[in-house]
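Numbering (this note's numbering), first residue to last: 129 to 319.
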């Protein structure tokens, strides 16, 4: 009987042991796919990068790095709905991914500017992304027709004077407020 209990215990525990070993193995394999995808992104091969990230997610559906990287790759391919889904999945797995939150805000501001501003307010380290936060925040204010707030947000952006993107948004807001002289100056700087 003692031998029977040992054999039954072994037979019950062995699949669990294999499962634990397989998880670790799958996580490592997923990390390799993410690394390959990152290399492909560096070379501009977004299509194959997307495939690598999706392979990683098949092995490890909870891999936040794969979700985030897939979202960025889909953004590069202008597949915005898929990018939004992947970036949100990454945020569900790790709400502290500021860069993913900022990308989501960038996707939201044209149609849901209030929600974009809400996402920006949740960023824990805004100094790290100051320029892009300023641009997305101002863009959301422009969509909301709150041009004075857009101007204030843009003036706080570091290197605003030399950024064509910032100056272009500033010109739009200044035109809406009726400050045509300042609008002209911003438009010249933008070009």
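Think of the CB as a built atom: it goes at the ideal place given N, C-alpha and C, for glycine as much as any other residue.
Note that the coordinates shown come from a computational prediction; the quantities given were computed from them, not determined experimentally.
Contact set for residue i: own chain, Cβ-Cβ below 8 Å, skip 5 residues either direction
i, result
"residue 185", "158, 191, 194, 195, 198"
Residue i burial status per 10 Å Cβ neighbour count (16 or more: buried)
i, result
"residue 241", "buried"
"residue 174", "buried"
"residue 289", "exposed"
"residue 229", "buried"
"residue 267", "buried"
"residue 239", "exposed"
Separation of residue j from residue i, as counted between CA atoms
i, j, result
"residue 155", "residue 218", "16 Å"
"residue 307", "residue 318", "16 Å"
"residue 220", "residue 248", "16 Å"
"residue 276", "residue 181", "42 Å"
"residue 316", "residue 287", "16 Å"
"residue 235", "residue 166", "22 Å"
"residue 161", "residue 200", "15 Å"
"residue 213", "residue 309", "43 Å"
"residue 312", "residue 295", "10 Å"
Own chain, CB closer than 7 Å to residue i, minus 5 neighbours either side, in chain order
i, result
"residue 293", "263"
"residue 300", "270"
For residue i, the three-state DSSP class (helix, strand or coil)
i, result
"residue 176", "helix"
"residue 253", "coil"
"residue 241", "helix"
Beta-carbon proximity list for residue i, same chain, < 6 Å, skipping 5 on both sides
i, result
"residue 187", "154, 157, 158"
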